[in-house]
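> Here it is: the structure, laid out below.
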Amino acid sequence: MINKKILVTGADGFIGSHLVEELVRRGHQVRAFVLYNSFNSWGWLDGVPVDIKDNIEIFAGDIRDPYGVKKALQGCQVVLHLAALIAIPYSYHSPDTYVDTNIRGTLNLLQAAREVGVEKFIQTSTSEVYGTARFVPINEEHPLQAQSPYAATKIAADQLALSFYLSFGLPVTVVRPFNTYGPRQSARAVIPTIITQLAGGQRRLKLGALHPTRDFNYIKDTVNGFIATLTAENCAGEVINIGSGYEISIGDTARLIAELMGVDDLEIVTDEIRLRPAASEVERLCADNGKACRLLDWQPRYAGREGLARGLGETICWFTNPANLSRYKAELYNI
Numbered sequence: 001m002i003n004k005k006i007l008v009t010g011a012d013g014f015i016g017s018h019l020v021e022e023l024v025r026r027g028h029q030v031r032a033f034v035l036y037n038s039f040n041s042w043g044w045l046d047g048v049p050v051d052i053k054d055n056i057e058i059f060a061g062d063i064r065d066p067y068g069v070k071k072a073l074q075g076c077q078v079v080l081h082l083a084a085l086i087a088i089p090y091s092y093h094s095p096d097t098y099v100d101t102n103i104r105g106t107l108n109l110l111q112a113a114r115e116v117g118v119e120k121f122i123q124t125s126t127s128e129v130y131g132t133a134r135f136v137p138i139n140e141e142h143p144l145q146a147q148s149p150y151a152a153t154k155i156a157a158d159q160l161a162l163s164f165y166l167s168f169g170l171p172v173t174v175v176r177p178f179n180t181y182g183p184r185q186s187a188r189a190v191i192p193t194i195i196t197q198l199a200g201g202q203r204r205l206k207l208g209a210l211h212p213t214r215d216f217n218y219i220k221d222t223v224n225g226f227i228a229t230l231t232a233e234n235c236a237g238e239v240i241n242i243g244s245g246y247e248i249s250i251g252d253t254a255r256l257i258a259e260l261m262g263v264d265d266l267e268i269v270t271d272e273i274r275l276r277p278a279a280s281e282v283e284r285l286c287a288d289n290g291k292a293c294r295l296l297d298w299q300p301r302y303a304g305r306e307g308l309a310r311g312l313g314e315t316i317c318w319f320t321n322p323a324n325l326s327r328y329k330a331e332l333y334n335i
């Protein structure tokens, strides 16, 4: 893989920027597809170390444009497709944009990859496609349940990708990360929401539902899962969960973060605007990562309560840096 050029879409985002940074550190040739904007911003890639930035080839475009996508793929042998709209509340507000980006954008990339003849196409999924767990731990055979427009578009994108494997032999692997967290994550996610509120001095923490459980996966583990998929053989046509296998409620997560931040006078209140519609709330998630262990030789390094606390500690350290915290509007609800 060192001699292959890798196209990473969504490279300017949370997971994508960490993935690009690690790929470059490991000596890979990376073309980073970032969303075109008039500020010439590369998103989170703007802040990576200079020695990393100097070794990234930037392509500014839009995944919804098939012509730009085809141009971005020229000369690339591998695709890591992470570009997507991901905020669940915003998908209630503007579902049409999710269809355009998550479904049409994926189709554009699949068509171009088929024409170019890429050697590996890694499609990024999400644990949200499972909906509320019917059984735990959730393996890759679990039924798919779209409980939000976001989840519906991700199911569609995954199925499109797999259809190109079955119909045309495109070497697609679907990587399905569970709830990734870590430095650079948007405040629309619950862990940054908790940390930024507490770091801003608030002791009356505003959250949505506290009882749902999640399988939080630290960013380093997620990135290592993607990279393991790059080099793994015999995983074309497979769907692979990347998760820690540890389940914790939102309420207990908030209390653990408060403990790690030395906050002992915490009050948690329910903010109605942060609640999902009842039937849309995913009540329980917990990954079966056995397939990733077998096919990818991957193991979570931040597993269990101890691993979660360690990952949260690293995340808190990043967010409480004043330069990083200033990027966030902790007093506002980020849809």
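Residue numbers (full-length UniProt numbering): 1 to 335.
Every residue gets a Cβ at the ideal spot worked out from N, C-alpha and C, and that includes glycine.
To the nearest angstrom, report how far apart Glu-267 and Arg-214 are at their CA atoms.
21 Å
> Could you tell me which residues DSSP pairs with Ile-240 in its beta bridges?
Under the DSSP definition of a beta bridge, Ile-240 partners with Val-175.
> Apply the 10 Å Cβ neighbour rule to Ala-278 and answer buried if 16 or more other Cβ atoms are within range, or exposed otherwise.
exposed
> Of all the CB atoms in chain C, is at least one closer than 8 Å to the CB of Gly-200?
The question asks about chain C, but that chain is absent: this structure has only one protein chain.
> Where does Arg-305 land, buried or exposed, given buried means 16+ other C-beta within 10 angstroms?
exposed
> Quick one: any contact between the region 326-334 and the region 194-213, if contact means 3 or more CB pairs under 8 Å?
yes
> Can you pull the DSSP bridge partners for Lys-291?
Per DSSP, none; premise fails for Lys-291.
> Starting from His-93, trace the alpha helix (DSSP H) both ways and give me its first and last residue.
88-93
> Rounded to a whole number of angstroms, what is the C-alpha to C-alpha distance between Glu-119 and Leu-73?
So the two alpha carbons sit approximately 12 Å from each other.
> Where does Phe-135 fall in DSSP's three states?
coil
> Between the region 309-319 and the region 240-260, are three or more C-beta pairs nearer than 8 Å?
yes
> Decide if His-28 is buried, meaning its Cβ has at least 16 other Cβ atoms within 10 Å, or exposed.
buried
> Would you call Gly-117 buried or exposed, if buried means 16 or more other Cβ atoms sit within 10 Å of its Cβ?
Flag for Gly-117 reads exposed.
> According to DSSP, Leu-332 sits in a beta bridge with which residue or residues?
DSSP lists no beta-bridge partner residue for Leu-332.
> How about Leu-35 and Asp-62: are their beta carbons less than 8 Å apart?
yes
> If you check the beta carbons only, do Ile-88 and Arg-276 fall under 8 Å apart?
By the CB criterion at 8 Å, Ile-88 and Arg-276 fall inside the cutoff.
> Ignore the nearest five residues each way along the sequence and tell me which others in Ala-60's own chain have a CB closer than 6 Å to its CB.
Val-34, Tyr-36.
> So who's on the other strand from His-81, going by DSSP bridges?
Thr-9, Gln-123
> If you drop the 5 nearest sequence neighbours on each side, which residues of the same chain put their C-beta closer than 8 Å to that of Leu-210?
Once the five neighbours on either side are set aside, the close Cβ partners of Leu-210 are Ser-249, Ile-250, Gly-251, Ala-254, Ile-268, Thr-270.
> Can you tell me which of the three DSSP states Ala-189 falls into?
coil
> Measure the beta-carbon distance from Arg-284 to Val-136 and round it to whole angstroms, keeping in mind my assumption that it falls under 8 Å.
7 Å
> Near Gly-262, which residues of its chain fall below 8 Å by C-beta distance, leaving aside the five closest residues on each side in sequence?
none
> Taking the alpha carbon of Val-174 as the reference point, which residue from Leu-110, Val-239, Val-99, Leu-23 has its own alpha carbon closest?
Val-239
> DSSP beta-bridge partners for Ala-60?
Per DSSP, Val-34.
> At which residues does the beta strand (DSSP E) containing Thr-253 begin and terminate?
Thr-253 -> not in any beta strand (DSSP E); alpha helix (DSSP H) instead, spanning 250-260.
> Classify Arg-25 as buried or exposed, calling it buried when 16 or more other Cβ atoms lie within 10 Å of its own Cβ.
exposed
> Does DSSP put Lys-4 in a helix, in a strand, or in coil?
coil
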